[in-house]
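I have placed the structure first, in the form of structure tokens, so that the comments after it can refer back to it.
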Amino acid sequence: MHKMSFFSKKIINWQKINGRNNLPWQAKSPYHVWISEIMLQQTQVKTVVPYFHKFINSFPSIKSLAESNLDNVLASWSGLGYYTRAKNIHLTSKIIHEKYNGSIPNNYDQLIELPGIGESTAGALLSLAFDEPGIILDGNVKRVLSRVLANQSPINHSKTQNELKKFAKEILPKKNFRIYSQGMMDLGSLICTSLNPSCESCPIKNKCKSFELNLQNSIPVKTSKNPKKERNIKWVLISSKDKVLLKRNKSKGVWQNLWLFPEENYFDDKKFNLLEEKESLPLVTHNLSHQKLSISTKKYFLKNKDRLPIDRRGFVWVNKKESVKMGIPKPVKLILENHL
DNA sequence: CAACCGTGGTG
DNA sequence: TCACCAAGGTT
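In the working numbering, the protein residues as written are -4 to 335.
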């Protein structure tokens, strides 16, 4: 097919000169590519880079990761968000270590079975880590493809995604899969941007239907989102000399498995009577992707921490300097840093 | 399958 | 200021 070679040739040639070829996880092992791909889900390169270095420094190999524990993995992930990704990375490292003798499998069916690896990431690993045919359908690529086709149906509908996937298969090259996949993402990130794309610099503008019809600013089409739910949280910061009290979050919702402050309703009057020197901290508002949190925190100081009866399994008294290095979400870190 | 799951940047 | 966006997967 004529159009087949047109797209892949243009993308590959463009990537070699204009693409991103000095990212910290490129030209390294499949392990590095895997960690970067998970971190980059719904997250920008600029945000990921320092976390990537920190993570690889803490866990230089799949073996070291598999032999570590979830608390240490979450400590390295703290602040990056979507913490289930960290849990799945840990789970998958164990599977790779035990079932695949420490090597990431290089076929789609085995990759897609691993926790945290879906269609797009499996395709990314095949192409970026192994230079084999694999299709990435991330936000960048979906935007490029929907614009090339001038596809005006909502991008989040499965019907649309299947149309894009079909087209992606048609234009996949016969070699240079790594450069091609990187090129598709680079094109989406650098040229075919969400807002005000640089169409004049685009290597495939001559075959882009959106460019021809001047539709690039209205494609891809997105359906409106639900309004954020508002939620109030009441935390209690209790410190004693050099230590602070944290509680493991075992609830189902956000920040699962992370360390938080205990909630106010955990304490009955009997326990509250043991607390001393109360102070109300300034209100913290924190926006998640789907919730708006209003966090009010009361601070207490205990002369003798052993006077407070707490469940030893769910709580921990930690050294204040160590507390900020644990697996904690952003607002907890903020409060610890400002008010401890 | 639509909702859920974080955070930082942007216009 | 705030809604939206960014290398998605799971349920």
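Even for Gly, the Cβ is constructed at its ideal location relative to N, Cα and C.
Remark: C-beta atoms of residue 223 and residue 287 approach each other more closely than 8 angstroms. Take residue 73, set aside five residues on each side of it, and the residues of its chain with a beta-carbon closer than 6 angstroms to its own are 322, 323, in chain order.
Under the DSSP assignment, residue 85 falls in the alpha helix (DSSP H) whose first and last residues are 79 to 94. With respect to residue 289, residue 333 sits apart: the two C-beta atoms are not nearer than 8 angstroms. Looking from the CA of residue 57, the closest CA among 42, 295, 250, 90 belongs to 90. In the three-state reduction of the DSSP assignment, residue 298 falls in the coil class, being assigned neither a helical nor a strand state.
Within the model, the alpha-carbon separation for residue 29 versus residue 124 is close to 8 angstroms. When DSSP states are grouped into helix, strand and coil, residue 173 belongs to the helix group.
In the DSSP annotation of this structure, residue 141 is not part of any beta strand (DSSP E); the continuous alpha helix (DSSP H) holding it starts and ends at 134 to 144. Within its own chain, the residues whose Cβ lies closer than 7 angstroms to the Cβ of residue 237, once the five positions on either side in sequence are excluded, are 314, 315, listed in chain order. Taking the C-beta atoms as reference points, residue 132 is found nearer than 8 angstroms to residue 159.
From the listed residues 75, 204, 43, the smallest Cα separation to residue 250 is found for 75.
A distance below 6 angstroms between beta-carbons, with the five flanking residues on each side excluded, links residue 112 to the following residues of its chain, in chain order: 106.
Nearest to residue 26 by alpha-carbon distance, out of 120, 17, 69, 66, is 120. For the 8 angstroms CB-CB criterion, residue 143 and residue 202 form a contact. Remark: C-beta atoms of residue 330 and residue 276 approach each other more closely than 8 angstroms. In the three-state scheme derived from DSSP, where H, G and I count as helix and E and B as strand, residue 291 is classed as strand.
For residue 219, no alpha helix (DSSP H) encloses it, and the DSSP letter there is neither H nor E.
DSSP places residue 282 within a strand segment (E or B) once states are collapsed to three. Each of 156, 139, 214 was checked against the Cα of residue 186, and the nearest Cα belongs to 139.
The criterion of a C-beta distance shorter than 8 angstroms is satisfied by residue 300 and residue 235. Residue burial annotation: residue 262 is buried, with at least 16 other C-beta atoms found within 10 angstroms of its C-beta. DSSP, read as helix, strand or coil, puts residue 68 in helix.
In this chain, the alpha helix (DSSP H) harbouring residue 31 covers 25 to 34. The C-alpha of residue 98 is placed about 26 angstroms away from the C-alpha of residue 168. Around the C-beta of residue 246, fewer than 16 other C-beta atoms lie within 10 Å, and the residue is accordingly described as exposed.
Residue 162 places its beta carbon 8 angstroms or farther from that of residue 129. Two segments are said to touch when three or more pairs of C-beta atoms, one from each, lie closer than 8 angstroms; by this definition the segment 9 to 20 touches the segment 174 to 194. Residue 257 and residue 231 do touch by the CB rule: their CB atoms are close to 5 angstroms apart, below 8 angstroms.
When beta bridges are read from the DSSP output, residue 229 appears opposite 291.
Rounded to whole angstroms, the Cβ separation of residue 147 and residue 199 is 19 angstroms, and the two are not in contact under 8 angstroms.
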